[in-house]
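Number of protein chains: 2
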Amino acid sequence: MRARVFVTLKPSVFDPQGTIVTDALHTLGYDAVKNVRQGKYFELEIDAGSEEEARRLALEAADKLLANTVIESYRVEVESSTERSVP
Amino acid sequence: MRARVFVTLKPSVFDPQGTIVTDALHTLGYDAVKNVRQGKYFELEIDAGSEEEARRLALEAADKLLANTVIESYRVEVESSTERSVP
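Protein chains in written order, with the working numbering: chain Z, 70 to 156; chain L, 70 to 156.
Listed below in structure tokens is the structure:
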């Protein structure tokens, strides 16, 4: 089963990478892009019996290892078999 | 309008960060996590008149700036949860 974990800086935390990317896009002429926030993305292949079990494991992994919960927040999505990310 | 861009290494490209995270999770007792791939995640706030316009801008931004298309692939989702993939 595949779980996706998104880790982003909390809204109150300054995101210098995102600011630089925003500026770079403006330089390229993409002024319609008003703001960019950058984060991390993890695809976890989990050997779990159920979607709930996979979600629990992914949440624990995010909380203990993948995110620094002082400054970052995370979100977990478990993919049902209908969806598959692109190679 | 909000677009989300996911950038991941192509499957044929070795992902040392993902390997380290997998090992760390095993050390923490999460043996059910068989594999981890790490990528980047961008949230773009786009001033666009339509969903299609936002998607087009996000795809261009990903192609020109956010992803190194030699070794990375990307995927774009526009807020309404419709999805479009680019290898």
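C-beta: ideal position from N, C-alpha, C; glycine also.
Exercise. Indicate whether at least one CB of chain L lies closer than 8 Å to the CB of Val105 of chain Z.
Key: As a working mapping, residue 105 of chain Z is identified with position 36 in the first sequence. Yes, contact with chain L.
Quiz prompt | Where Gly87 of chain L falls, given that 16 or more other Cβ within 10 Å makes a residue buried | solution = One-based indexing of the second sequence puts residue 87 of chain L at position 18. Answer is buried; the Cβ neighbour count reaches 16.
Exercise. Mind listing, in chain order, the continuous alpha helix (DSSP H) runs of no fewer than 4 residues lying wholly within the stretch 81-130 of chain Z?
Key: 85-96 and 120-130
Quiz item: Within 8 Å (strictly less), CB to CB, does Glu146 of chain Z reach chain L?
Solution: Against the first sequence, residue 146 of chain Z aligns to sequence position 77. Not one chain L Cβ lies under 8 Å of Glu146 of chain Z.
Exercise. Return the residue from the list L:Ala130, L:Val74, L:Glu148 and L:Val102 that minimises the CA-CA distance to Gly108 of chain L.
Key: The count along the second sequence starts at 1 and reaches residue 108 of chain L at position 39. It is L:Val74 whose Cα lies nearest to the Cα of Gly108 of chain L.
Practice problem: Report the residue from Z:Ile140, Z:Pro85 and Z:Ala131 whose alpha carbon sits nearest the alpha carbon of Glu67 of chain Z. | Solution: With chain Z covering 70 to 156 only, the question about residue 67 of chain Z has no answer from this structure.
Self-check item: Span of the beta strand (DSSP E) around Leu134 of chain Z
Solution: Along the first sequence, read from residue 1 onward, the residue named residue 134 of chain Z stands at position 65. No beta strand (DSSP E) contains Leu134 of chain Z, which DSSP labels as neither H nor E.
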